[in-house]
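*Asks:* Every number in the working numbering is 143 more than the matching position in the sequence shown, counting from 1.
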Amino acid sequence: MPPSTLGRRALGLAVLLCFIWSLAGPSRSRPAFDQATPAGTVPVELPNEFIEGVLSVPDQVNALGFKPFVELAHLGLTRVNGQGEILPGLAQSWESPDAYRWIFRLDPRARWHDGRPVTAEDVAATIRGVQDPARGRAWRDFWVEIQVIQASDGLVVLDLPRPDSSFPYDARMAILPASDQSGRIGAGPFRLGSWEPGLAIRLEAVSDHWLGAPRLAAYILKQVKDEAEAALALQAGQIHGFAPDWRKGGLGDIIGEGFEVERWPAPAFSLVVWNLGGASGGLDDARVRRALSLAVDRRRLSEHFGGYPSQGPFIPETLFAPETSEVSPESGAGGAGAALPNRVVGLVYEAGRRDRAELAGLLIADLAPLGVSLEPSAVSRDELVKRLESGDFEAALWGWAVGPHPDRHALFHTHGSANYSRYSDSRVDELIEEARIAVNLEARRELLVRLGRLLFEESRYLFLYTPAAEFWYRPPMRGLDPGPFSLRHNAAGWFLDRRK
144 MPPSTLGRRA LGLAVLLCFI WSLAGPSRSR PAFDQATPAG TVPVELPNEF
194 IEGVLSVPDQ VNALGFKPFV ELAHLGLTRV NGQGEILPGL AQSWESPDAY
244 RWIFRLDPRA RWHDGRPVTA EDVAATIRGV QDPARGRAWR DFWVEIQVIQ
294 ASDGLVVLDL PRPDSSFPYD ARMAILPASD QSGRIGAGPF RLGSWEPGLA
344 IRLEAVSDHW LGAPRLAAYI LKQVKDEAEA ALALQAGQIH GFAPDWRKGG
394 LGDIIGEGFE VERWPAPAFS LVVWNLGGAS GGLDDARVRR ALSLAVDRRR
444 LSEHFGGYPS QGPFIPETLF APETSEVSPE SGAGGAGAAL PNRVVGLVYE
494 AGRRDRAELA GLLIADLAPL GVSLEPSAVS RDELVKRLES GDFEAALWGW
544 AVGPHPDRHA LFHTHGSANY SRYSDSRVDE LIEEARIAVN LEARRELLVR
594 LGRLLFEESR YLFLYTPAAE FWYRPPMRGL DPGPFSLRHN AAGWFLDRRK
């Protein structure tokens, strides 16, 4: 059955209004660490430690590329929770008059792990470091053209090369002290205790953190070889939690009883790309493509793969995901009376992917009653990418991983770098461009809902399903609130419930 862990947390109007206020600014200061112990007090259940199994522990401290460490030990100007809501980080407020210039006001309480105050110069130094090509850091592509206009007196003013209403998402990049850009010192709820390359990282609670002390005394990231070793380590009590790679499936088939699991939509979706550059024989008609979309039983797909039905380019149950009724009718409803010509369509997909081969088989069954015969062909990933980029295909099974940033220019704009469908629609381009400059959240969401509705009407892509991500853990752990964009965003509020 489709996972439903996140279904209990609907994004109500109150949450939207708070988020609108935070983007349209100035934003409201709020606790970043849900359920954290008030600053200056001692957590009740210390000493408590949580050991998470991870598939890799880097050889050296990595404050910008190793997500588990970053989420625990560092803060950016902003933070993003699991559902894509932007929250204060080192900045207590931010605003923009035009989506070009962004003004961030630092929280005067913000401190590094060594007790020194976080300054605007620390922010400027981090940006300079990311922009330096010799240092080869992650995030460079996002920040390389951004200019620091002011960095003093707790104020950071940045100018972007082009308007971007969603820039606060990129502002979640970890900020480092100007005097030590190694990443060993951060401002997050846990400080680095020890780093054993290829083995484990020990992070210890910052008991006097200005946003509240973590409820765990320590959080340990311990390397495991693969999912099978993780399952054994969980059963032996050597680790307390593990998030398997959602691309490879979960632990359900290899782990015993006695564990709890959180499930949520992974930050990706599977889709069929129609090559509309010179398409003919029916696929050049939006009504035909729409009928094919309606014929696909997405509920069956999501049940088969343990995921979530997808009707558009936004991850289900996240901030910008529209309700199905806002975009399209229920799928699996057949061809809606459309007359489709008998047609054989070549469908390429990545070889060696069992899920892709199974997905092709399910699509063949769904579309055959409409007179469309899919002819699947497995090719190497490199060959698939080459065909997508050159246009040498009729239809392709593809997957797209996304971050919390809601811009979909790359996929759907006429000049998008990944517009493999070769589709051009001035209405789509205008909605994407308007959304880029709409600082007000409500206005931007309405534009993106209209974009989703238009994409369904044109059915330039056949959206299928979103995979499920999982986190397996021992029952005493409480306070988890994972989502597509973060597992550990509220790790300071996790605790071991030892009540009988």
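Even for Gly, the Cβ is constructed at its ideal location relative to N, Cα and C. Everything numeric in this text was worked out from a predicted model, so none of it was measured.
Whose CA, out of E214, R283, R433, V287, lies closest to the CA of L335?
*Replies:* Start at 1 with the first residue of the sequence shown, and residue 335 comes out as number 192. Among E214, R283, R433, V287, the Cα nearest to that of L335 is on E214.
*Asks:* Is the number of C-beta pairs between the region 291 to 310 and the region 235 to 251 that are closer than 8 Å three or more?
*Replies:* Because the criterion of three Cβ pairs below 8 Å is met, the region 291 to 310 and the region 235 to 251 touch.
*Asks:* To the nearest angstrom, how far is the alpha carbon of P627 from that of Y312?
*Replies:* As a first step, residue 627 must be located in the sequence shown, where it is residue number 484. As a first step, residue 312 must be located in the sequence shown, where it is residue number 169. About 14 Å.
*Asks:* Assign Q324 to buried or exposed, taking buried as 16 or more other Cβ atoms, counted over all protein chains shown, within 10 Å of its Cβ.
*Replies:* Indexing the sequence shown from 1 puts residue 324 at position 181. Buried, since its Cβ has 16 or more Cβ neighbours within 10 Å.
*Asks:* Beta carbon of L591: closer than 8 Å to some heavy atom of the ligand SAH?
*Replies:* In the structure shown, the ligand SAH is absent, as is every other ligand, since no ligand is present at all.
*Asks:* Going by DSSP, what residues sit across from S520 in a beta bridge?
*Replies:* Here residue 520 refers to the residue found at position 377 of the sequence shown. Answer is V491, bridged to S520.
*Asks:* At which residues does the alpha helix (DSSP H) containing G272 begin and terminate?
*Replies:* As a working note, residue 272 is residue 129 in the sequence shown. Its alpha helix (DSSP H) spans residues 263 to 274.
*Asks:* Assuming Y492 contacts P519 (C-beta within less than 8 Å), just tell me the rounded distance between them.
*Replies:* Counting from 1 along the sequence shown, the entry for residue 492 is found at position 349. Counting from 1 along the sequence shown, the entry for residue 519 is found at position 376. Correct: roughly 6 Å between the Cβ atoms.
*Asks:* Among L505, E589, H558, L594, which residue has its Cα nearest to the Cα of V571?
*Replies:* One-based indexing of the sequence shown puts residue 571 at position 428. The option with the nearest alpha carbon to V571 is L594.
*Asks:* Please state whether DSSP places L531 in a helix, a strand or coil.
*Replies:* In the sequence shown, residue 531 corresponds to position 388, counting from 1. Looking at L531 - three-state DSSP - the assignment turns out to be helix.
*Asks:* By alpha-carbon positions, which one of K368, G504, P459 ends up nearest to P610?
*Replies:* Your numbering for residue 610 matches position 467 in the sequence shown. When only C-alpha atoms are compared, the closest one is P459.
*Asks:* Would the region 341 to 348 count as touching the region 363 to 377 if we require 3 or more Cβ pairs under 8 Å?
*Replies:* Yes, the region 341 to 348 is in contact with the region 363 to 377.
*Asks:* Excluding sequence positions up to five away, which residues of its chain have a Cβ less than 6 Å from the Cβ of H556?
*Replies:* Taking the sequence shown and counting its residues from 1, one reaches residue 556 at position 413. Taken in chain order, the residues that qualify are D572, I575.
*Asks:* What number of angstroms, rounded off, separates the C-alpha of V415 from the C-alpha of R496?
*Replies:* Here residue 415 corresponds to residue number 272 of the sequence shown, with the count starting at 1. Here residue 496 corresponds to residue number 353 of the sequence shown, with the count starting at 1. Each residue's Cα considered, the two are about 15 Å apart.
*Asks:* Going by C-alpha distance, which of A371, R390, D568 is nearest W543?
*Replies:* Your numbering for residue 543 matches position 400 in the sequence shown. Cα-wise, what sits closest to W543 is R390.
*Asks:* Per DSSP, which one or two residues make a beta bridge with G196?
*Replies:* Here residue 196 is taken as the residue at index 53 of the sequence shown, counted from 1. In the DSSP output, where bridge partners are listed per residue, G196 has K365, F385.
*Asks:* Between E405 and the rest of its own chain, which residues show a CB-CB distance below 8 Å, the 5 nearest in sequence each way excluded?
*Replies:* Locating residue 405 in the sequence shown gives position 262, counting from the first residue. If we look at E405 and ignore the five residues flanking it on each side, its Cβ neighbours are T148, E613, F614, Y616, L623, P625.
*Asks:* What is the DSSP secondary structure of P408, reduced to helix, strand or coil?
*Replies:* By 1-based counting over the sequence shown, the position of residue 408 is 265. P408: strand per DSSP, three-state reduction.
*Asks:* Three or more beta-carbon pairs under 8 Å between the region 584 to 603 and the region 433 to 440, yes or no?
*Replies:* Yes: the two stretches touch, three or more of their Cβ pairs being nearer than 8 Å.
*Asks:* Do R315 and R222 have their C-beta atoms within less than 9 Å of each other?
*Replies:* Here residue 315 refers to the residue found at position 172 of the sequence shown. Here residue 222 refers to the residue found at position 79 of the sequence shown. The answer is yes: Cβ separation under 9 Å.
*Asks:* To the nearest angstrom, how far is it from the Cα of R588 to the Cα of F463?
*Replies:* Within the sequence shown, residue 588 is the residue found at index 445, counting from 1. Within the sequence shown, residue 463 is the residue found at index 320, counting from 1. Between R588 and F463, the C-alpha separation is close to 6 Å.
*Asks:* Where does Y312 fall in DSSP's three states?
*Replies:* In the sequence shown, counting from the first residue as 1, residue 312 sits at position 169. It is helical.
*Asks:* So what does DSSP say about P625, is it helix, strand or coil?
*Replies:* The residue you call residue 625 lines up with position 482 of the sequence shown. Reduced to three states, the DSSP call for P625 is coil.
*Asks:* Can you find the residues in the same chain that come closer than 6 Å, C-beta to C-beta, to T269, ignoring five residues on each side of it along the sequence?
*Replies:* Here residue 269 is taken as the residue at index 126 of the sequence shown, counted from 1. If we look at T269 and ignore the five residues flanking it on each side, its Cβ neighbours are I318, L319.
*Asks:* Residues in its own chain within less than 7 Å of W338 by CB, not counting five upstream and five downstream?
*Replies:* Translated into the one-based positions of the sequence shown, residue 338 becomes position 195. For W338, where only same-chain residues beyond five positions count, the Cβ hits under 7 Å are V204, I344.
*Asks:* Which one of G232, G227, E228 has the shortest CA to CA distance from H217?
*Replies:* Translated into the one-based positions of the sequence shown, residue 217 becomes position 74. Of G232, G227, E228, the residue nearest in Cα terms is G232.
*Asks:* Could you pull out every residue in the same chain whose Cβ sits closer than 7 Å to the Cβ of V515, ignoring the five residues on either side in sequence?
*Replies:* Start at 1 with the first residue of the sequence shown, and residue 515 comes out as number 372. These residues qualify, in order along the chain: L435, L483, R486, V488.
*Asks:* Three-state secondary structure (DSSP) at A500?
*Replies:* Within the sequence shown, numbered from 1, the residue matching residue 500 stands at position 357. Helix at A500.
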